[in-house]
Structure formats: structure tokens, C-alpha cells
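Numbering (UniProt numbering), first residue to last: 1 to 276.
Note that CB positions come from ideal geometry on N, CA and C, so glycine has one too.
Please read the structure below before turning to the comments.
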């Protein structure tokens with residue numbers, strides 16, 4: 001871990017989380033030395049990570065929370081986490097969308113944030129299995145004008161998951177019959193070994209169908225997804241063209257991902273960085 005007293009809070013916490021997961025636990029005094037920050041700052045960071053449910057505070061430090069690979073948080077539980085990171089990612093990802101294109105958005109809180117940046121793009125055809133994403137475009141159409149034509153939205157059918165995605169054979173059949181210029185995929189977990197993963201088996205199958213129907217695949221994932229592995233992989237890194245993430249992702253992780261992806265876009269307060 002590189003010492004740096006000028007790191008943003010989100011970057012510092014991402015480094016701490018990466019260290020906790022890699023080593024299986026850290027002590028407060030170790031973190032103060034390595035990050036060159038105060039004991040109080042480290043403890044505040046650990047409190048924030050504990051509230052997110054990714055570490056467990058113990059006497060003198062923290063250990064990783066060993067969450068079951070089948071555990072799937074609901075949309076509301078995830079929607080309040082990493083708001084700045086998701087907004088940065090959504091803004092950067094929206095730049096990849098050209099007017100008049102056919103795009104697909106999977107379920108998730110980051111794709112939900114992205115949808116809000118796409119309502120002003122002209123001539124879009126949007127295919128989604130997310131009820132929340134479809135609502136974004138529907139609400140924009142109701143409040144829009146003739147000078148700003150609404151997107152054409154195709155909402156797949158299917159069975160609703162805790163993350164408000166529609167999955168299963170009905171959704172898969174609808175997606176399989178279509179072809180997209182660009183697919184934006186959220187995920188529960190991101191790692192070199194497991195790629196993009198989710199705790200929900202049916203959602204994994206629907207996401208695989210999305211990938212098979214897309215000319216170009218863009219993963220949108222904030223730094224907290226790094227190192228997490230869900231029950232089922234739905235895309236290997238070799239199947240992803242671009243990853244859009246935030247500046248909280250440690251430099252070591254960016255370098256590792258860049259070896260396996262065509263492009264990594266890092267969105268943040270200082271502007272996007274590109275690798276790959």
C-alpha cells in the first residue's frame with residue numbers, strides 16, 4: 001500500500017478495503033503509518049466501511065465480512081451506497097452513447113444512475129430488464145416536449161429479483177431476438193478470476209443472454225465491487241470491451257484489470273483516466 005496523505009476519502013477507503021481483503025485483516029496503527037494519516041481518520045474510514053457492510057471492526061483493527069456468495073441485497077439497500085462514485089461512472093459512461101443507437105441496460109443501481117444521464121440523448125432505442133431504468137425514461141417522456149423526442153424503451157418481461165431486474169426464460173427469449181450496439185452491465189462482483197458475477201442464478205443467465213446479443217459490452221462497476229465474487233459468473237473479462245469505474249479503485253487493481261480488458265475508464269473529480 002502506497003503512503004499518501006492527499007488521497008480522497010473514497011480512494012483511501014478503497015485502499016483500506018483492498019488491504020483488508022488481501023491480508024484477511026489489518027490493524028489501525030499499521031494503516032496510520034502506511035497512509036500517513038491520523039488514528040482518528042483511519043477509525044472514521046473503518047466506521048464508514050463497516051456501515052457499508054464490507055468490513056467488521058474488531059479490537060485494534062478490522063477484518064473482512066465473509067458474505068455468502070448467494071446473498072443478494074435489494075435495490076433500496078444498494079441505492080444509498082457510493083453515490084458519488086456511481087454518479088461519476090454514469091456521467092463518464094453516458095459519453096459512450098451516440099444519438100440514434102440501440103443500447104441495452106441491465107439491472108442495478110449504477111445503470112439506474114446512467115439512465116438519468118441518457119434521457120436527453122436523441123433517437124435512442126433502449127432495451128432493459130430493469131423496472132427502475134424503464135421508469136426513468138417513462139418519467140422523462142411524461143415531462144418532456146416535442147423538441148426533445150423520448151427514447152423508445154423495450155422492457156423485457158420476467159420474474160422480478162430483489163434488485164428489481166426482470167429475469168428468467170421470458171426475459172431471455174425477448175433479449176435473444178434483439179441486437180444492440182452497446183450493452184451496459186452492472187454487477188455484484190468484479191475480479192480477474194471470476195469476471196463479472198451475481199448471487200442470482202437466473203439473473204446471471206439473463207445477463208449472459210444480454211452479452212451474446214451485444215456488439216460491444218461496457219461494465220459499470222464502482223471500486224467496492226473489486227474482489228467480490230458472487231455465486232455465478234455471467235461474463236469473463238475477455239467478453240468485456242470497456243470497464244467504467246471510479247477513482248476509488250486502487251492503482252494496483254487498475255493495472256491488473258488493464259491486462260485483461262481492452263479499455264479501463266476511471267471517472268473521478270480530476271477527470272477520467274484511460275488505460276488499456
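Cβ atoms of residue 124 and residue 103 come within 8 Å of each other, at about 6 Å. In the structure shown, residue 45 adopts helical secondary structure according to DSSP, grouped into three states. Ranked by Cα distance from residue 241, the options 141, 195, 111 are led by 195.
Within a 10 Å sphere around the beta-carbon of residue 268 sit 16 or more other beta-carbons, which makes this residue buried. A residue is called buried when at least 16 other Cβ atoms come within 10 angstroms of its Cβ; residue 130 meets this threshold and is buried. Its Cα nearest to that of residue 175, the residue 154 stands out among 154, 217, 216, 193. Counting every other CB atom within 10 Å of its CB across the protein chains shown gives residue 59 a total below 16, marking it as exposed. Take residue 218, set aside five residues on each side of it, and the residues of its chain with a beta-carbon closer than 8 Å to its own are 93, 96, 182, 183, 184, 185, 240, 241, 242, 243, 244, in chain order.
Distance from the CA atom of residue 255 to the CA atom of residue 142, rounded to whole angstroms, is 44 Å. In this structure, the CA atom of residue 198 is about 20 Å from the CA atom of residue 246. For residue 164, no beta strand (DSSP E) encloses it, and the DSSP letter there is neither H nor E. Look at residue 110 here: in three-state DSSP terms it is helix.
DSSP places residue 213 outside both helix and strand once states are collapsed to three, so it counts as coil. If the five residues before and after residue 171 are omitted, its C-beta is found closer than 7 Å to the C-beta atoms of 129, 156, 157, 158, 206, all from its own chain and listed in chain order. Judged by DSSP secondary structure, residue 32 falls within the alpha helix (DSSP H) whose first and last residues are 28-35. Cβ-Cβ distances below 7 Å link residue 134 to 128, 153, 155 in the same chain, with the five nearest sequence neighbours on each side left out; the list follows chain order. DSSP places residue 105 within a strand segment (E or B) once states are collapsed to three. Looking at 35, 107, 38, the one whose alpha-carbon comes closest to that of residue 210 is 107. Beyond the five residues adjoining it in sequence on each side, residue 136 comes within less than 6 Å, by CB distance, of 115, 116 in the same chain, given in chain order.
Leaving aside the five residues that flank residue 140 on each side, the residues in its chain whose CB is nearer than 6 Å to its CB run, in chain order, 119. By the 16-neighbour rule on beta-carbons within 10 angstroms, residue 22 is exposed. By the neighbour-count criterion, in which 16 or more other beta carbons inside 10 Å mark a residue as buried, residue 29 falls on the exposed side. Scanning 57, 10, 8, 41 for the CA closest to the CA of residue 25 turns up 57. CA-to-CA, the gap between residue 14 and residue 8 works out to about 10 Å.
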